[in-house]
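For what it's worth, the UniProt record's numbering labels the leading residue of the sequence shown as 1, then goes sequentially.
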Amino acid sequence: MWRRNKRKQKKVLVDLSELSNTYCGLKQVALAYGNYFKENYKRNETGYILTLLIPRKMFGKFGREVRYISSSSWFLRHCRYLFPSFDIWHATHQLSRFKPAYSRTKFILTIHDLNYLYEATGEQRERKHRRLQRKINRADEIVCISEFTKQEVGKNLVLNGKRCKVIYNGVENIVRKPALKPNREIKGHFFFTIGTVMKKKNFHVLLNMMKLMPDRHLYIAGDSSLEEYGKMIKQRIETEGIHNVTLLGTIPEEEKIWLYANCEAFLFPSLFEGFGLPVIEAMQFGKPVFSSRETCLKEIGGEFAYFWKNFDPQEMKRLIDENLEGFYQDKDLAQRQKEYAHSFSYEKHFKEYQKLYSFL
Numbered sequence: 001m002w003r004r005n006k007r008k009q010k011k012v013l014v015d016l017s018e019l020s021n022t023y024c025g026l027k028q029v030a031l032a033y034g035n036y037f038k039e040n041y042k043r044n045e046t047g048y049i050l051t052l053l054i055p056r057k058m059f060g061k062f063g064r065e066v067r068y069i070s071s072s073s074w075f076l077r078h079c080r081y082l083f084p085s086f087d088i089w090h091a092t093h094q095l096s097r098f099k100p101a102y103s104r105t106k107f108i109l110t111i112h113d114l115n116y117l118y119e120a121t122g123e124q125r126e127r128k129h130r131r132l133q134r135k136i137n138r139a140d141e142i143v144c145i146s147e148f149t150k151q152e153v154g155k156n157l158v159l160n161g162k163r164c165k166v167i168y169n170g171v172e173n174i175v176r177k178p179a180l181k182p183n184r185e186i187k188g189h190f191f192f193t194i195g196t197v198m199k200k201k202n203f204h205v206l207l208n209m210m211k212l213m214p215d216r217h218l219y220i221a222g223d224s225s226l227e228e229y230g231k232m233i234k235q236r237i238e239t240e241g242i243h244n245v246t247l248l249g250t251i252p253e254e255e256k257i258w259l260y261a262n263c264e265a266f267l268f269p270s271l272f273e274g275f276g277l278p279v280i281e282a283m284q285f286g287k288p289v290f291s292s293r294e295t296c297l298k299e300i301g302g303e304f305a306y307f308w309k310n311f312d313p314q315e316m317k318r319l320i321d322e323n324l325e326g327f328y329q330d331k332d333l334a335q336r337q338k339e340y341a342h343s344f345s346y347e348k349h350f351k352e353y354q355k356l357y358s359f360l
């Protein structure tokens with residue numbers, strides 16, 4: 001909780017501009033921030049006056065204790081110096097278009113990943129790299145969401161002696177939130193995975209594995225229309241007759257929760273993640289998680305996930321066959337896994353940021 005501070009209240013702006021996106025992981029993070037402030041922030045009981053930078057249409061959504069400023073590009077471009085001054089400006093992700101108008105404002109930059117190093121090429125890659133370096137040059141504090149991301153930042157960008165620390169993402173406890181069965185036939189024993197259907201998610205390796213597991217069904221939730229990769233996945237399912245794999249498209253939160261709660265296992269073969277939030281969400285429900293060991297996933301999954309050594313379909317199937325039944329027989333393991341997942345709380349997450357706000 002936010003603790004009382006009798007000194008002059010600092011003015012803190014938190015950038016939640018990603019709320020304008022239709023669907024992405026950063027939007028989910030921004031929404032969780034807003035909901036946390038709504039439930040926990042009391043202006044008269046803390047040393048901070050909080051202002052949220054969000055789309056105008058969402059003003060008031062997170063209660064009356066916080067203040068609001070529009071994240072309209074036009075407003076910020078033409079009225080930047082009409083902004084009230086802030087003591088601290090917190091960019092909750094590295095892709096934000098916005099930064100403080102005044103040099104005296106302390107700037108906290110949270111970096112989720114450096115995926116552009118692997119996804120972009122040529123001038124586009126260099127442009128993104130220069131943009132992030134400029135933000136780091138402006139930042140007073142740099143925060144990474146995993147040790148892996150911190151290492152990537154240290155290897156690829158110039159910090160000039162600035163402190164770079166790790167604050168793990170908070171993960172909202174969704175176990176008791178409303179759940180709704182999808183309005184379609186759901187086969188008996190099924191696996192689940194979620195994420196935008198793009199190359200870095202590596203979903204195609206699951207198609208190869210599912211051919212070897214005709215007694216199981218796999219449901220993939222996420223938009224498959226954004227890249228050619230999604231079209232390729234659809235085409236393979238159809239032309240190769242992989243009838244035990246279904247693309248659900250983008251689904252509402254209630255259906256996602258139902259699928260987590262009722263799946264037999266959660267599969268996550270992703271190649272590039274800054275944190276891997278779905279891994280922790282699945283663990284909240286006491287589900288066995290089978291994951292790649294790439295980027296941060298070994299760090300985040302820890303001792304409570306099973307990691308594929310490679311993406312050979314026989315080897316992937318073998319790991320599941322050898323561990324699925326044993327996981328459900330070991331009640332102590334499932335309970336410890338849930339406790340581990342719940343350790344990634346937003347309360348813990350915000351206490352760490354509160355320390356930063358006090359320090360600056």
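Beta carbons: idealized from backbone N, C-alpha and C, even for Gly.
| query | result |
| --- | --- |
| Span of the alpha helix (DSSP H), counted from its first residue to its last, around glycine 122 | 122-138 |
| Classification of residue 431 by the beta-carbon crowding that lies within 10 angstroms, buried from 16 upward | The chain is shown only over 1 to 360; residue 431 falls outside these bounds and no answer can be derived. |
| Buried versus exposed, by CB contacts within 10 Å (16 or more), threonine 105 | buried |
| Simplified DSSP assignment, three categories, for tryptophan 89 | strand |
| C-alpha gap between alanine 32 and asparagine 169, whole angstroms | 11 Å |
| Pairwise C-alpha distance: valine 153 and aspartate 140 | 15 Å |
| C-beta atoms of aspartate 215 and threonine 92 nearer than 8 Å | no |
| Distance between glycine 34 and lysine 201 (C-alpha atoms, nearest Å) | 27 Å |
| Proximity below 8 Å, CB of valine 175 to CB of glutamine 284 | yes |
| Tyrosine 219 (DSSP reduced to helix, strand or coil) | strand |
| Where tyrosine 68 sits in the DSSP three-state scheme | strand |
| Buried versus exposed, by CB contacts within 10 Å (16 or more), valine 158 | exposed |
| Distance CB(valine 279)-CB(glycine 230) smaller than 8 Å | no |
| Inter-stretch contact (C-beta, 8 Å, three-pair minimum) for the segment 246-253 and the segment 210-229 | yes |
| Whole-angstrom C-beta distance between valine 289 and glutamate 266, which should lie under 8 Å | Per the sequence shown, residue 266 should be read as phenylalanine rather than glutamate. With a Cβ gap of about 5 Å, phenylalanine 266 and valine 289 count as contacting. |
| Beta-carbon proximity list for alanine 179, same chain, < 7 Å, skipping 5 on both sides | Glu254, Ile257, Trp258 and Ala261 |
| Reduced DSSP category for tyrosine 306 - H, G, I as helix; E, B as strand; rest coil | strand |
| Own chain partners of glutamate 339 with C-beta closer than 6 Å, once the 5 adjacent residues on each side are dropped | none |
| Cβ-Cβ distance between histidine 217 and lysine 177 below 8 Å | no |
| In chain order, each alpha helix (DSSP H) run of at least 4 residues that lies wholly inside the UniProt domain "Glycosyl transferase family 1" (187-341) | 204-210, 228-239, 253-262, 277-284, 297-301 and 313-329 |
| Counted within 10 angstroms of its Cβ, other Cβ atoms place glycine 241 as buried (16 or more) or exposed | exposed |
| Pair within 8 Å by beta-carbon distance, histidine 90 and leucine 13 | yes |
| CA-to-CA distance, alanine 341 to glutamate 45, given in whole angstroms | 30 Å |
| Reference lysine 155, options Ile167, Val29, Leu117 and Arg127, closest by Cα | Leu117 |
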